């Protein structure tokens, strides 16, 4: 997913997450943000583990390890990663202290070997290969955990703000891209990856910091979030105002304390100021400009000096305001 800064890509991802929880229960969403201070893939791994609903993982573990294939899967997991096998077992069936140790190990927060030894773990997670194997096994267990319903449970990993990968040193950037590619290859079924990043889309030319392997696995045409039309911008303003309005309110005007004319005036003002920029109007700028107007109007409305915000009031407040690069 590729969008200009402030176009609402994070809200779009969060809405997908909401739909997965409410309507598509056979999809387990994991939303994470690329850490601002990331240095390597282990930092991405930590956000993945933190983003997992542990109850979902425990329920999937129960389904898998009480199923007819439990012995086969247990043997395979033990041979591949014995420490992970013990961590998942104690995460599901251990006491609160053992569960906490298992969680801290998964999150790379526990490095004391004596503590880890108490739940049968030999060493802390130290390498990206450890991280890849853990993520792969978690995806696989969640997949199989839905098999009792007759349908595989898909894991949807949404990695937001991926443009930050471009700020890493090249070895680290290559490592992150390479690890995501490896996970994708090891999970051919039941796994989807959405990489979301901000920037200035130029046709179908993808950013240089995406590796050829990652590019090859992306859809040929990335999902773009375009600027809003005038009508869409007005609907957006109405929706925002409705969301924050008291449910018991008897006000019938959808744009109050604006009028429809003054709401349009905000959008027109943004269009007038955008110049050659192709990313306007967008949600963040609309909210920013609307808030500037509301800040000026609120004390006047409270004193009774202003009943409603009209187009002239909007023009007077915004005439000297410029679009910033962040807008």
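Numbering (my numbering), first residue to last: 312 to 638. Don't be surprised by glycine CBs; every beta carbon is placed ideally from N, CA and C. Source: prediction; values computed, not measured.
Hey, how far is the Cα of residue 672 from the Cα of residue 603?
The shown model of the chain, from 312 to 638, leaves out residue 672, and the question about it has no answer.
What residue from 313, 348, 355, 322 has the CA that sits closest to residue 490's CA?
355
What does the alpha-carbon distance come out to for the pair residue 407 and residue 372?
17 Å
So residue 501 packs on residue 557, CB below 8 Å; how close in whole Å?
In fact, because the Cβ distance is near 44 Å, the residues do not count as touching under 8 Å.
Report the rounded CA-to-CA distance for residue 559 versus residue 605, giving the unit in angstroms.
21 Å
When DSSP builds the beta bridges, which residues end up paired with residue 342?
469
Hey, which unbroken runs of the beta strand (DSSP E) at 3 residues or more fall wholly within the segment 415 to 485?
465 to 471
Do residue 351 and residue 439 have their C-beta atoms within less than 9 Å of each other?
yes
Would you tell me roughly how many angstroms separate the C-alpha atoms of residue 579 and residue 358, rounded to the nearest one?
41 Å
Taking only runs of the beta strand (DSSP E) that begin and end inside the segment 592 to 626, which ones reach a length of at least 3 residues, in chain order?
none
Could you pull out every unbroken beta strand (DSSP E) segment of at least 3 residues lying fully inside the segment 513 to 551, listed in chain order?
none
Indicate whether the contact test is met: 3 or more Cβ pairs, each with one atom in the segment 324 to 340 and one in the segment 516 to 530, closer than 8 Å.
no
CA-CA distance, residue 374 and residue 419?
26 Å
Residue 388 in three-state terms, based on DSSP:
helix
Look up residue 569 in the DSSP assignment and say whether it is helix, strand or coil.
strand
For the segment 592 to 600 against the segment 559 to 570, are there 3 or more C-beta pairs whose distance is under 8 Å?
no
Chain-order list of residues whose beta-carbon lies under 8 Å from that of residue 429 (same chain, five-residue window excluded):
409, 412
Neighbour-count burial assignment, residue 591, 16 or more Cβ in a 10 Å radius
buried
Any idea what DSSP makes of residue 314, helix, strand or coil?
strand
I need the straight-line Cα distance from residue 582 to residue 314, nearest angstrom please.
18 Å
Indicate whether the contact test is met: 3 or more Cβ pairs, each with one atom in the segment 338 to 351 and one in the segment 478 to 490, closer than 8 Å.
yes
Can you tell me which of the three DSSP states residue 507 falls into?
coil
If you drop the 5 nearest sequence neighbours on each side, which residues of the same chain put their C-beta closer than 6 Å to that of residue 392?
444
Going by the beta-carbon positions, is the gap between residue 344 and residue 472 smaller than 9 Å?
yes
Do residue 468 and residue 504 have their C-beta atoms closer together than 9 Å?
yes
Compare the Cα-Cα distances from residue 368 to each of 449, 387, 529 and report the closest residue.
449
Residue 319 vs residue 342 beta-carbon contact at 9 Å:
no
Based on the DSSP secondary-structure assignment, which residues constitute the bridge partners of residue 502?
466
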